[in-house]
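Reviewing the structure listed below.
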Amino acid sequence: MDLVNRLAAAHETLAKARGLTLAPTEVTAEERAAGAAPWPLGEDDLAALEEIAGFPFSPTLRALLTTSNALPVGDGYGVYGVSEWSGGSILGRNREIAQARDDYDWDLPKLLVLSHDEDFRAIQEDGTVVEVCGNEGNIEATFGPLDAWIDRYTDAVLAYAAAVVAAKNDSYEVREAFQEDPEIEYV
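Per the numbering used here, residue 67 is the first one in the sequence shown, and the count goes up by one each step.
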């Protein structure tokens, strides 16, 4: 899928600009027992994740979860509202949110959690990307359909990588200036 491959390439560009390395991950039996999965996901883990989320994934969402570097593992790869993708702990993260939904009586639609942030990014069953408040369990913001969001997010990742290269560093000041740029659409 071209859209997801473009996103993966953008994350590779950002990683290179920041002096980071992207690679698939493996998990130990102990990590697996704690809810971790090798990243990107294989078919068995993808099926388990669909069961947790409670809906079948679109081809784009499946590609996002099974394409290397589309959602990099670890912090330092996110731009705008995503400090860290869920990566190999996506099964555990989604179980955690499903449990919170029950424990705190959150009235949320079916969704798939994609990030570890307190106010996390998720994809609803209808394919809409949203930000959910991790304290309140309500949708704080809606960012539109998944395909359009991936396109905007990819542009933001590439623009940020260019800003890091131009500044010859990845300082807090570079990140803050970039995030406050009125020309950049919040994603």
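All C-beta atoms, glycine included, are put in the ideal place defined by N, C-alpha and C.
Ala102 and Gly158 do touch by the CB rule: their CB atoms are close to 7 angstroms apart, below 8 angstroms.
Considering only Asn160, Tyr219, Leu86, the residue with the shortest C-alpha distance to Gln190 is Asn160. Annotation: the continuous beta strand (DSSP E) that includes Val195 extends over 194 to 199. Judged by their CB atoms, Leu107 and Thr132 are nearer to each other than the 8 angstroms cut-off. Closest by C-alpha distance to Val230, out of Arg84, Leu73, Ala76, Leu69, is Arg84. Contact between Pro122 and Glu116 holds, since their C-beta atoms are separated by about 6 angstroms, short of 8 angstroms. About 15 angstroms separates the beta carbons of Leu137 and Leu177, which is beyond the 8 angstroms limit, so they are not a contact pair. Burial state of Thr208 is exposed, judged by a 10 Å Cβ sphere holding fewer than 16 other Cβ atoms. Excluding residues up to 5 positions away in sequence, Ala81 lie with their Cβ nearer than 7 angstroms to the Cβ of Thr87 in the same chain. Residue environment: Gly154 is assigned as buried (16 or more neighbouring CB atoms within 10 Å of its CB, all protein chains considered).
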